[in-house]
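Student:
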Amino acid sequence: MYKNMFIILLLAGFGLLLGSFLLTHHEYLSLPQLPAYYADNTAPEVGAANVVTAVVVTYRGFDTLGEVTILFVAASLIAMFLKHSKAPRHDRHPRPSSVILSTSQKLLFPLIVLFGAYVFANGHLTPGGGFQGGAIIATGFLLLLMANPQAEFKHGLLNAIESISGTSYVIIGILGAILGLGFLDNRFISLGQLGTLFSAGAIPVIYSLIGLKVGAELSNILHHLNEVQNEE
Amino acid sequence: MEYLTLQNIGLVTGFMLMLIGLYGALTQKNILRIIVAFTIFDAGLNLVIVALSYIKGRVAPIIDQTTGVTNLSEKFVDPIPQALVLTSIVIGVGVTGVMLTFALRMFKTRHSLDINDFKQTKW
Numbered sequence: 008m009y010k011n012m013f014i015i016l017l018l019a020g021f022g023l024l025l026g027s028f029l030l031t032h033h034e035y036l037s038l039p040q041l042p043a044y045y046a047d048n049t050a051p052e053v054g055a056a057n058v059v060t061a062v063v064v065t066y067r068g069f070d071t072l073g074e075v076t077i078l079f080v081a082a083s084l085i086a087m088f089l090k091h092s093k094a095p096r097h098d099r100h101p102r103p104s105s106v107i108l109s110t111s112q113k114l115l116f117p118l119i120v121l122f123g124a125y126v127f128a129n130g131h132l133t134p135g136g137g138f139q140g141g142a143i144i145a146t147g148f149l150l151l152l153m154a155n156p157q158a159e160f161k162h163g164l165l166n167a168i169e170s171i172s173g174t175s176y177v178i179i180g181i182l183g184a185i186l187g188l189g190f191l192d193n194r195f196i197s198l199g200q201l202g203t204l205f206s207a208g209a210i211p212v213i214y215s216l217i218g219l220k221v222g223a224e225l226s227n228i229l230h231h232l233n234e235v236q237n238e239e
Numbered sequence: 279m280e281y282l283t284l285q286n287i288g289l290v291t292g293f294m295l296m297l298i299g300l301y302g303a304l305t306q307k308n309i310l311r312i313i314v315a316f317t318i319f320d321a322g323l324n325l326v327i328v329a330l331s332y333i334k335g336r337v338a339p340i341i342d343q344t345t346g347v348t349n350l351s352e353k354f355v356d357p358i359p360q361a362l363v364l365t366s367i368v369i370g371v372g373v374t375g376v377m378l379t380f381a382l383r384m385f386k387t388r389h390s391l392d393i394n395d396f397k398q399t400k401w
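Quick note, the sequences are listed as chains A and B, same order.
Residues are numbered in the working numbering as their position in the first sequence, beginning at 1, plus a constant of 7.
Residues are numbered in the working numbering as their position in the second sequence, beginning at 1, plus a constant of 278.
(1) Between which two residues does the alpha helix (DSSP H) carrying Leu297/B extend?
(2) Just how far apart, CA to CA, sit Asn233/A and Met153/A?
(3) Could you tell me which chain A residues have their CB closer than 7 Å to the CB of Ala361/B, listed as they occur along the chain?
(4) I'd like to know if Pro156/A contacts chain E, where contact means its C-beta is closer than 9 Å to some C-beta of that chain.
(5) Rounded to a whole number of angstroms, what is the C-alpha to C-alpha distance between Gln285/B and Leu41/A?
(6) Under 6 Å Cβ to Cβ from Asn193/A, same chain only, skipping five residues before and after it: list those, please.
(7) If we define contact as Cβ-Cβ less than 9 Å, is Ser351/B a contact residue for chain A?
(8) Look at Gly199/A and Gly68/A and say whether their C-beta atoms are less than 9 Å apart.
(9) Does the structure place the region 212-229 of chain A close enough to the region 135-151 of chain A that three or more beta carbon pairs sit under 8 Å?
(10) Using only CA atoms, which one of Phe79/A, Phe28/A, Met12/A and Leu17/A lies nearest to Gly299/B?
(11) Tell me the rounded alpha-carbon separation between Ser111/A and Ile119/A.
(12) Name the DSSP beta bridge partners of Asn57/A, please?
(13) Determine the direct distance from the alpha carbon of Gly22/A to that of His162/A, and round the result to whole angstroms.
(14) What residues in the region 22-40 of chain A have a beta carbon less than 9 Å from any beta carbon of chain B?
(15) Threshold first: 4 residues or longer. Then list the alpha helix (DSSP H) segments lying entirely within the region 305-392 of chain B, N to C.
(16) DSSP three-state call for Leu232/A: helix, strand or coil?
(17) Going along chain A, which residues have a C-beta under 8 Å from Phe356/B?
(18) How about the region 184-192 of chain A and the region 325-339 of chain B: do they share at least three Cβ pairs that are nearer than 8 Å?
(19) Is Pro357/B closer than 9 Å to Ala46/A when the C-beta atoms are compared?
(20) Does the CB of Phe88/A have a neighbour CB from chain B at under 9 Å?
(21) Between Phe127/A and Gly147/A, is the Cβ-Cβ spacing less than 9 Å?
(22) Does the beta carbon of Leu201/A come closer than 9 Å to any beta carbon on chain B?
(23) Out of Asp342/B, Leu325/B and Ala303/B, point me to the one whose CA is closest to Leu201/A's CA.
(24) Once DSSP output is grouped into helix, strand and coil, what is the label at Thr174/A?
(25) Whether or not the region 167-178 of chain A and the region 212-221 of chain A are in contact is what I'm after, with contact meaning three or more pairs of Cβ atoms, one per stretch, closer than 8 Å; do they touch?
(26) According to a CB-to-CB cut-off of less than 8 Å, which residues of the region 367-381 of chain B neighbour chain A?
(27) Can you give me, in chain order, the residues of the region 298-310 of chain B that have a beta carbon less than 7 Å from any beta carbon in chain A?
(28) Compare the C-beta of Val221/A with all C-beta atoms of chain B and state if any pair is closer than 9 Å.
(29) Leaving aside the five residues before and after Ile312/B along the sequence, list all residues of the same chain whose C-beta is less than 8 Å from its C-beta, in chain order.
(30) Could you please give the first and the last residue of the uninterrupted alpha helix (DSSP H) stretch that includes Leu152/A?
(31) What separation, rounded to the nearest whole angstrom, lies between the Cα atoms of Phe380/B and Val62/A?
(32) Give the interface partners of Asp70/A over in chain B, defined as CB-CB distance under 7 Å, in chain order.
(33) Taking C-beta pairs closer than 7 Å, name the residues in chain B that Val235/A reaches, listed in chain order.
(34) Closest by CA to Ser331/B, which one among Tyr35/A, Gly73/A and Val59/A?
(35) My output table needs one value for Phe160/A: the three-state DSSP class, helix, strand or coil.
Shown next as structure tokens:
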């Protein structure tokens, strides 16, 4: 009884807080100083058509490096906890998946991976980028695992993709510090013409590496979770 | 009608999702449902942050033929909250994965997902 009262009080208090915020806040009519700077200077300084990408990869690139690290730590933590036992696993023989699922998986898997690659390679032009593209690629692997739960991935390959792209990301950042103006500066490769695929200096390279890394990491997580299910 | 702006619709939806998520996390007994409640809370919070960056009559911060390249700070919405939400979504996926892993481990030790079966973690 007391517990329910506590929950109701907590929810009411939180609701009141949010409600008072809703009634008192004012919509911005113009951009504050910092976002206005980003909006005005992205084209001449960074050369990316997508301002969000410029903020994520260049202006706040260090944050993104930290974010990639957090995702890496989460993936390693999951791999550590779900380390599969060496005991011989008794093979389950689950009901084979339906014809619709297995056929559409064969058709869709390459297309999904291709679309993911498109999304991260065009991250500086369109609303997309490494994280979104990587997540799309992981969806393709999820479809693969749904159609065939016993599927074996090449763990070594996924880990190699992940570590190579992670290391290259840091190396490109250091190259920016040596050849350009600072860590993760994208201007040591020519900026090119605004709005074309080969523009914005190092941004497409960095975002493609992030896309590969995120895709490999998320696929690894899915595979680990699936393997534990197979062991039960 | 003064309050029925796009920003307020986004904010109210986000707040409702946050309240639903908090309610679920406080009342549910099954660990998997608590994790789902956390992800709902997460989605609501992200929606609120994006809604706050909206400015009436402006477009997404991507340069193309219709925006041109001059006076962009008078045409774009705020790009920073969108970049932050991009980060937040990815971290959310990682955290959800870790939570699910803990749930799996807990299920392996007790063969139950009911939080009442885990008395020693009670405060």
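Glycine included, each C-beta is placed from N, C-alpha and C at the ideal position.
Tutor: With the structure as the only source:
(1) Run containing Leu297/B: Leu284 to Thr305, per the alpha helix (DSSP H) assignment.
(2) 9 Å
(3) Val59, Val62, Val63 and Arg67
(4) In the structure shown, chain E does not exist; the protein chains are A and B.
(5) 21 Å
(6) Thr65, Gly208, Ala209 and Ile210
(7) yes
(8) no
(9) The answer is yes - the region 212-229 of chain A touches the region 135-151 of chain A, with three or more Cβ pairs under 8 Å.
(10) Leu17/A
(11) 11 Å
(12) Ile340/B
(13) 46 Å
(14) Taking 9 Å as the upper bound on Cβ-Cβ separation, chain B lies near residues Gly22, Leu25, Gly26, Phe28, Leu29, Leu30, His32, Glu34, Tyr35, Leu36, Ser37, Leu38 and Pro39 of the region 22-40 of chain A.
(15) Counting whole runs of 4 or more residues, the region 305-392 of chain B contains the alpha helix (DSSP H) stretches 309-330 and 357-388.
(16) In the three-state reduction of the DSSP assignment, Leu232/A falls in the helix class, which pools H, G and I.
(17) The sequence as given places Asp at residue 356/B; Phe does not occur at that position. Within 8 Å Cβ-Cβ: Tyr35, Leu38, Pro39 and Pro42.
(18) Under the Cβ criterion (8 Å, minimum of three pairs), the region 184-192 of chain A does not count as touching the region 325-339 of chain B.
(19) yes
(20) yes
(21) no
(22) yes
(23) Minimum Cα distance to Leu201/A is reached at Asp342/B.
(24) helix
(25) yes
(26) Ile367, Val368, Ile369, Val371, Gly372, Val373, Gly375, Val376, Leu378, Thr379 and Phe380
(27) For the region 298-310 of chain B, the beta-carbon criterion of a distance under 7 Å to any beta-carbon of chain A is satisfied by Leu300, Tyr301, Leu304 and Thr305.
(28) Val221/A counts as touching chain B.
(29) Non-local C-beta neighbours of Ile312/B in its own chain, meaning closer than 8 Å and more than five positions away in sequence, comprise Gly302, Ala303, Gln306 and Ile393, ordered along the chain.
(30) Gly137 to Ala154
(31) Pairing Phe380/B with Val62/A, the inter-Cα distance amounts to about 34 Å.
(32) Thr365
(33) Going along chain B in sequence order, the residues near Val235/A (Cβ under 7 Å) are Leu382.
(34) Among Tyr35/A, Gly73/A and Val59/A, the Cα nearest to that of Ser331/B is on Tyr35/A.
(35) coil
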